[in-house]
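Trainee: Protein chains in written order, with full-length UniProt numbering: chain Z, 1 to 136; chain X, 1 to 110.
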Amino acid sequence: MSETVKNFLYLNRKAPYGTIYAWESLEVVLIGAAFDQDVSLAFVDDGVYQLTKGQDTSEIGMKNFSPTYAALGDYEVKKIYVEKESLDERGLSLDDLQHLVWEDEDEDYAEKDSIHLVSRSEMAALMDGADVVFSF
Amino acid sequence: MAIEVNGKTYETDEEGYLANINDWEPGVAEVMSKEDDLELTDEHWDIINFLREYYEEYQIAPAVRVLTKAVGKKMGKDKGNSKYLYGLFPYGPAKQACRYAGLPKPTGCV
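#1: Could you name the residues of chain Z that Glu57 (chain X) contacts, counting a contact when the two beta carbons are closer than 9 Å?
#2: Suppose the cutoff is 8 Å on Cβ atoms and the five residues either side in sequence are ignored; what does the same chain contact list for Ser114 (chain Z) look like?
#3: By the criterion of Cβ-Cβ separation under 7 Å, what are the contact partners of Val66 (chain X) in chain Z?
#4: Mind pulling the chain A residues with CB within less than 7 Å of Glu27 (chain Z)?
#5: Assign Ala110 (chain Z) to buried or exposed, taking buried as 16 or more other Cβ atoms, counted over all protein chains shown, within 10 Å of its Cβ.
#6: Within 8 Å of any Cβ in chain Z, is that where the Cβ of Lys73 (chain X) sits?
#7: Of all the residues that make up the segment 69-94 of chain X, which are near chain Z by a beta-carbon distance shorter than 8 Å?
#8: So the beta strand (DSSP E) Trp102 (chain Z) belongs to, where does it begin and stop?
#9: Answer yes or no: does any C-beta atom of chain Z fall closer than 8 Å to that of Ile60 (chain X)?
#10: Per DSSP, Thr9 (chain X) forms a beta bridge with which residues?
#11: Buried or exposed, going by whether 16 or more other CB atoms sit within 10 Å of the CB of Ala33 (chain Z)?
#12: So is Glu11 (chain X) buried or exposed if we call it buried at 16+ other beta carbons inside 10 Å?
#13: Tell me, please, whether the CB atom of Asp13 (chain X) is closer than 8 Å to any CB atom in chain Z?
#14: Using a Cβ cut-off of 8 Å (strictly closer), state whether Lys63 (chain Z) contacts chain X.
#15: If you follow the alpha helix (DSSP H) that Ala61 (chain X) is in, where does it begin and where does it stop?
#16: Take the Cβ of Phe136 (chain Z) as the centre, count every other Cβ of all protein chains shown within 10 Å, and call the residue buried at 16 or more, exposed below.
#17: Taking the beta carbon of Met1 (chain Z) as the centre, do at least 16 other beta carbons fall within 10 Å, making it buried, or is it exposed?
#18: Between Asp23 (chain X) and Met32 (chain X), what straight-line distance do the alpha-carbon atoms span, to the nearest angstrom?
#19: Using a Cβ-Cβ cut-off of 8 Å, state whether Ile60 (chain Z) counts as contacting chain X.
#20: In chain X, which residues lie less than 8 Å from Tyr109 (chain Z) when you measure between Cβ atoms?
#21: Could you check where the beta strand (DSSP E) with Asp36 (chain Z) kicks off and where it finishes?
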């Protein structure tokens, strides 16, 4: 089994609305998570906006899918990497993002943080270490 | 396609899922289950209501594995297992119960 598990990195670079990339990526992640692969998500550039709190799409006629990121923990997606430089460049910090967690069944459903803040060089290393990178 | 509930007609997709989630009323589940020759019990309604709450919170219909785990957490392990859930919804707990609940087909279901 172990030799067939690959590291999948889903790289999200675009703002959540205006294009379909963010939603498509999320759907692919949710589908892919059913196949017992080692899944990580990365958010860089405008992609960091996908995780911001308090999104309101009522004026643009699109579904607000930001609540769905909170379901990632249920889908065993526990590794979400956000690039610090991308946040800084946009005047954002971790506090502007949703608090995403996963529940550890082995520790009585203790909630653990899913989001990890990484530097640009650490992000490059993550991409380098992944078997497959899906870029959205 | 369409489904008729209490004199009202609601649009459905080619697989029988409601086209518009806001059309849902409990009668939708009653009519759909009758077509499947299934009688809805309180246990069925627990799952249907759970799915509607899940959708309300996360805006998706959960995959069966996720549903099973979430039910187990909320209602206990004796209900959070495939045997129990397939016993209630023989066509697949996620697929069939989501349809009754007016949700879209679960993401990742074929």
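Think of the CB as a built atom: it goes at the ideal place given N, C-alpha and C, for glycine as much as any other residue.
Mentor: A quick look at the data gives this:
#1: Near Glu57 (chain X) (Cβ distances below 9 Å), the residues of chain Z are Pro67, Ala70 and Ala71.
#2: Taken in chain order, the residues that qualify are Leu72, Gly73, Val77, Lys78, Lys79, Ile80, Leu100, Val101 and Trp102.
#3: Within 7 Å Cβ-Cβ: Asp74 and Tyr75.
#4: Protein chains Z and X are contained in the structure displayed, whereas chain A is not.
#5: Burial call: exposed.
#6: It does; some Cβ of chain Z falls within 8 Å.
#7: Listed in sequence order: Lys69, Ala70 and Lys73.
#8: Looking at the DSSP string, the run of the beta strand (DSSP E) that includes Trp102 (chain Z) is Val101 to Asp104.
#9: Among the residues facing chain Z, Ile60 (chain X) is included, as its CB has a counterpart in that chain under 8 Å away.
#10: Per DSSP, X:Glu4.
#11: Around the beta carbon of Ala33 (chain Z), a 10 Å sphere encloses 16 or more other beta carbons of the protein chains shown; the residue is thus reported as buried.
#12: Result: exposed.
#13: No, no contact with chain Z.
#14: Using a CB distance cut-off of 8 Å, Lys63 (chain Z) counts as an interface residue toward chain X.
#15: Run containing Ala61 (chain X): none; DSSP gives neither H nor E here.
#16: Note on Phe136 (chain Z): 16 or more other CB atoms within 10 angstroms of its CB, so buried under the neighbour-count rule.
#17: Caution is warranted here: a pLDDT of 49 is assigned to Met1 (chain Z), below 50, making its placement in the model unreliable, and the coordinate value is therefore given only provisionally. By the 10 Å Cβ count, Met1 (chain Z) comes out exposed.
#18: Rounded to whole angstroms, the gap between the alpha carbons of Asp23 (chain X) and Met32 (chain X) is 14 Å.
#19: No, Ile60 (chain Z) does not count as interfacial toward chain X.
#20: By Cβ distance, chain X contributes Lys73.
#21: Where Asp36 (chain Z) is concerned, there is no enclosing beta strand (DSSP E), given that its DSSP letter is neither H nor E.
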